[in-house]
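The listed protein sequences correspond, in order, to chains H and C. If you're matching positions, the first sequence starts at 1 in our numbering and goes up one per residue. If you're matching positions, the second sequence starts at 145 in our numbering and goes up one per residue. The beta carbon of each residue, even a glycine, is placed where N, CA and C say it ideally should be. For clarity, every value in this text was computed on a predicted model and none was experimentally measured. The block underneath contains the structure these notes are about, expressed in structure tokens.
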Amino acid sequence: MNTRQELVLLGAVPDLALEALRWTEAACARAGLDSRSTGQLAGAVVEAVNNSIEHGYSLAPGDINLTLDSDARQVVVTVTDRGQGLPPQPLRADPTPQAERGRGSWLMQQACDEVRHECTPGLQSVVLVKRRERIPTTFSGDPT
Amino acid sequence: MTIDFESRGRAHVARLPETLVLANAARLRDALQQQIASGAARLVLDLSRVEFADSSGLSAILACVNSARRRGGDVALLSPMPRVRALIELTRLDDVVPVVTDEAAAIARVTGRVAA
Numbered sequence: 001m002n003t004r005q006e007l008v009l010l011g012a013v014p015d016l017a018l019e020a021l022r023w024t025e026a027a028c029a030r031a032g033l034d035s036r037s038t039g040q041l042a043g044a045v046v047e048a049v050n051n052s053i054e055h056g057y058s059l060a061p062g063d064i065n066l067t068l069d070s071d072a073r074q075v076v077v078t079v080t081d082r083g084q085g086l087p088p089q090p091l092r093a094d095p096t097p098q099a100e101r102g103r104g105s106w107l108m109q110q111a112c113d114e115v116r117h118e119c120t121p122g123l124q125s126v127v128l129v130k131r132r133e134r135i136p137t138t139f140s141g142d143p144t
Numbered sequence: 145m146t147i148d149f150e151s152r153g154r155a156h157v158a159r160l161p162e163t164l165v166l167a168n169a170a171r172l173r174d175a176l177q178q179q180i181a182s183g184a185a186r187l188v189l190d191l192s193r194v195e196f197a198d199s200s201g202l203s204a205i206l207a208c209v210n211s212a213r214r215r216g217g218d219v220a221l222l223s224p225m226p227r228v229r230a231l232i233e234l235t236r237l238d239d240v241v242p243v244v245t246d247e248a249a250a251i252a253r254v255t256g257r258v259a260a
């Protein structure tokens, strides 16, 4: 059974990235994702929210929607903004350890099994897919 | 955001806040670089209370490392929690900055007095 959990960050500013972190960790726990995968996925969500704040809205307040869809096979978080967007970023080469910037997209790729960029008029989404290492015996699809 | 700075002989120790993220990365970078510019170029960054860091936080640390080295100093990272250590290892930051779990060893690294 599939389930969906949602969060809207209204007028997102940098401080709200931590709210996205905490929400993702709690939503992953409700979805029965293991703690290691949860930490990796939550870190990727923060990078995606940071991209929306920095590049989508150029640090001006703007709304960001988060949805977490889960089933027995995987957990998928979609981060959507209505900002100006960035062209889809190709997978970057491994950044050098000395590079002061440019790690966010690379970290998302490292943390997730799949990263997709989806654009529709006025909406930009990053889809972060994390496959379950094991199917939880307690998975019921109930997000309560 | 709180950063505690303490002098330890020729070195300084900066105890970083609970999160190193986009919201405080610029202030963190500015505060550390101000300390470096005022003479604290041999700097230990104590990560023992940092619960979460993102790429912005790592960027602030790297800016600090590069700034210290331009001034003839160095930086060591002290006692990161497992989650932060995993990020440091994933990004290979530990290839360019020593990561240690003992403050005396960290001070020895940045002052060039490697402990026996």
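query	result
What is the DSSP secondary structure of residue 147 of chain C, counted as helix, strand or coil?	coil
Pick from C:164, C:218, C:253: whose alpha carbon is nearest that of residue 184 of chain C?	C:218
Chain C partners of residue 53 of chain H, CB-CB under 8 Å?	166
Give, in chain order, every residue of the segment 186-211 of chain C whose Cβ lies closer than 8 Å to some Cβ of chain H.	196, 198, 199, 200, 202, 203, 206, 207, 210
Going along chain C in order, which residues have a C-beta closer than 7 Å to the C-beta of residue 47 of chain H?	198, 199
On a CA-only basis, which of C:180, C:203, C:191 is nearest residue 244 of chain C? Give me that one, please.	C:191
Within 7 Å of any Cβ in chain C, is that where the Cβ of residue 2 of chain H sits?	no
Who are residue 65 of chain H's beta bridge partners in DSSP?	H:8, H:80
Indicate whether at least one CB of chain H lies closer than 7 Å to the CB of residue 160 of chain C.	no
Starting from residue 235 of chain C, trace the alpha helix (DSSP H) in both directions and tell me its first and last residue.	Run containing residue 235 of chain C: none; DSSP gives neither H nor E here.
Which residue marks the beginning of the alpha helix (DSSP H) containing residue 45 of chain H, and which one marks its end?	35-51
With a cut-off of 8 Å on the beta carbons, I'd call residue 112 of chain H and residue 44 of chain H a contact; round off their distance for me.	5 Å
Relative to the alpha-carbon of residue 171 of chain C, which residue among C:246, C:146, C:237, C:253 has its alpha-carbon at the smallest distance?	C:146
Considering only their Cβ atoms, is the gap separating residue 62 of chain H from residue 83 of chain H smaller than 7 Å?	yes
From which residue to which residue does the alpha helix (DSSP H) around residue 208 of chain C run?	199-214
Taking C-beta pairs closer than 9 Å, name the residues in chain H that residue 171 of chain C reaches, listed in chain order.	By Cβ distance, chain H contributes nothing, its closest Cβ being about 11 Å from residue 171 of chain C, past 9 Å.
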